[in-house]
Amino acid sequence: MQLQQLLSEILPATSYSHRSDLGVISVIGPDSAKLLQGQTTADMKLVSEQSSTFGAVCTPKGRIIANFFILQTAPESYQLVLKLDVLDTLLAHLKKYAVFFKTELNNVSEQFHVSSMFALTDNTTPQEQYELAILTTYQDSCSQLILNNTYYQETLTVAPAMEELPDAEDPAAHQVMGLLAARPLIGESLREEILPQWINMHRNGGISFTKGCYTGQEIVARMKYRGKSKKHLALAVSDNSLTIGSSVANEEDKTIGEIFDVAQIGTVTVAQLILNVDQSEVTSAVSEGNEIQLIPLPYVLGN
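Each residue of the sequence shown is one higher than the one before, starting from 30 at the first, in my numbering.
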C-alpha cells in the first residue's frame with residue numbers, strides 16, 4: 030500500500046478526540062524556566078505564550094523518563110503535557126530538583142482537558158525536520174498548539190475542565206493519524222528504556238543541541254556527533270495484524286528491529302518500528318511471518 034492511498038482512501042480528512050491518556054503538570058514560580066532549562070532537552074528560551082516546544086527529561090545515561098510538550102500560560106507559569114501513566118513519576122523526579130528553585134510543581138490533570146484535532150494537509154513531501162518552536166495561541170485559559178505534522182496538521186488543545194469532552198468518532202483513525210506524525214510520547218512501560226534519538230527526537234523537534242547542559246546531555250550529544258547508534262523510528266503498513274514488541278526481520282531473516290506501536294483501521298495496520306539499521310538499507314521486512322511495507326517518515330531522517 031502506498032502512503033497516498035492510506036491518506037486519501039482509508040483515513041478521513043479530519044478527526045477529533047478527547048485525549049484522556051494525557052495529563053498536565055503545572056510549573057509555577059520565578060525559577061520555573063531555569064529549573065526546566067537544566068532538566069529538559071528543550072530550549073526554554075523558545076517558550077512563550079505564542080510558542081511552545083517539545084522535549085524530554087532524561088536520566089544521566091540519556092534514557093527518557095518522560096517526554097512532553099511545554100507551554101507557557103502566564104509569566105513564570107508553565108504546563109507540561111505528557112502521558113498520564115508516567116506523570117507521577119516525572120513529577121516526583123522534578124520535585125527532587127525543585128527544592129533548589131523558587132518554583133512549585135503540581136498535577137493539575139483534573140483541572141484541564143486535553144484534546145487533539147487532526148486535519149489532512151496537501152503535503153506528502155517530508156519536511157527537513159519539525160520546528161523546535163511550535164506556534165501556540167493562548168486565550169481565556171485555553172492553549173492551542175499548532176503541530177505541523179506534514180500529512181496531518183494537529184491542533185493540541187489544553188482547556189479548563191468545564192465539561193466532559195467527546196471521544197473520537199473513529200478512535201482507530203485518530204490513533205493512526207497520531208502514529209503518522211512520528212512524534213511519540215513515552216509511557217510508563219518504556220520509562221528509562223529509550224534514548225531520544227531512537228524515537229527521532231532530534232528530527233521531530235524534541236532536542237536543542239545549542240541550549241547548553243541538562244541531565245543526560247552528554248549521552249544525547251555524543252550520539253549526534255559520534256554517530257554511535259543507527260536506531261531510529263520508522264513507519265510501516267501491513268495487511269495483517271502486528272504485535273507491539275515483536276521482532277522485525279529482513280529478507281535474510283536477520284533481526285533489524287521491533288514493533289514499537291501499532292494501530293489498525295479496517296484491514297490495514299499502521300506501525301511505528303524501531304529499526305537498528307539504516308531505513309534505506311531495508312528492501313522488505315516481516316514480523317511474525319507478516320509482510321511489512323515501509324512508508325516515508327514525515328521528516329527527513331538525519332543525525
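For every residue, glycine included, the Cβ atom is placed at its ideal position computed from N, Cα and C.
Whether residue i touches residue j by CB criterion (8 Å)
i, j, result
"I215", "K260", "no"
"L209", "P327", "yes"
"Y167", "T82", "no"
"I39", "I294", "yes"
"L134", "L111", "no"
"D50", "L113", "yes"
"L100", "L176", "no"
"S61", "E105", "yes"
"T118", "A85", "no"
"A148", "Y181", "yes"
"L1", "L264", "Lying outside 30 to 332, the shown extent of the chain, residue 1 is not represented and no answer is given."
"L123", "G52", "no"
"T165", "Q226", "no"
"T153", "Q33", "yes"
"S313", "E281", "no"
"P213", "D290", "yes"
Burial state of residue i, where buried means 16 or more other Cβ atoms lie within 10 Å
i, result
"S276", "exposed"
"S37", "exposed"
"K125", "exposed"
"G274", "exposed"
"A42", "exposed"
"L109", "buried"
"M230", "buried"
"F129", "exposed"
"T239", "exposed"
"S172", "buried"
"S138", "buried"
"S44", "buried"
Expected contact under 8 Å - CB spacing of residue i and residue j to nearest Å
i, j, result
"I16", "V311", "Only positions 30 to 332 of the chain appear in this structure, which leaves residue 16 out of reach."
"L262", "A211", "6 Å"
"P325", "P155", "6 Å"
"I54", "N136", "6 Å"
"L35", "V297", "7 Å"
"P189", "S46", "No, P189 and S46 are not in contact; Cβ-Cβ is about 18 Å, not under 8 Å."
"L64", "A127", "6 Å"
Residue(s) in a DSSP beta bridge with residue i
i, result
"N319", "S316"
"T165", "L174"
"H47", "S144"
"S81", "I163"
"L209", "According to DSSP, L209 bridges with nothing at all."
"G58", "In the DSSP output, where bridge partners are listed per residue, G58 has none listed."
"L100", "Q108"
"P189", "F141"
"Y328", "Q156"
"N269", "DSSP output for N269 lists no bridge partner at all."
"H203", "Paired residues: none, contrary to the question."
"T69", "V86"
"I223", "DSSP, once it has assigned bridges, lists no residue as partnering I223."
"V291", "A300"
The ligand MN heavy atom lying under 7 Å from the CB of residue i
i, result
"E192", "Ligands in the displayed structure: none, and consequently the ligand MN is not present."
Three-pair Cβ contact test at 8 Å for the stretch 245 to 257 versus the stretch 91 to 110: Yes, the stretch 245 to 257 touches the stretch 91 to 110.
The stretch 156 to 174 in contact with the stretch 231 to 244 per 3-pair CB rule at 8 Å: Taking a cut-off of 8 Å for Cβ pairs, the stretch 156 to 174 and the stretch 231 to 244 touch, as three or more such pairs fall below it.
Three CB pairs or more closer than 8 Å across the stretch 138 to 148 and the stretch 173 to 190: Between the stretch 138 to 148 and the stretch 173 to 190 there are three or more C-beta pairs closer than 8 Å, enough to call the two in contact.
Cβ pair count under 8 Å reaching 3, the stretch 192 to 205 against the stretch 65 to 74: No: fewer than three Cβ pairs fall under 8 Å.
Contact between the stretch 241 to 249 and the stretch 264 to 272 (3+ Cβ pairs under 8 Å): With the rule of 3 Cβ pairs closer than 8 Å, the stretch 241 to 249 does not count as touching the stretch 264 to 272.
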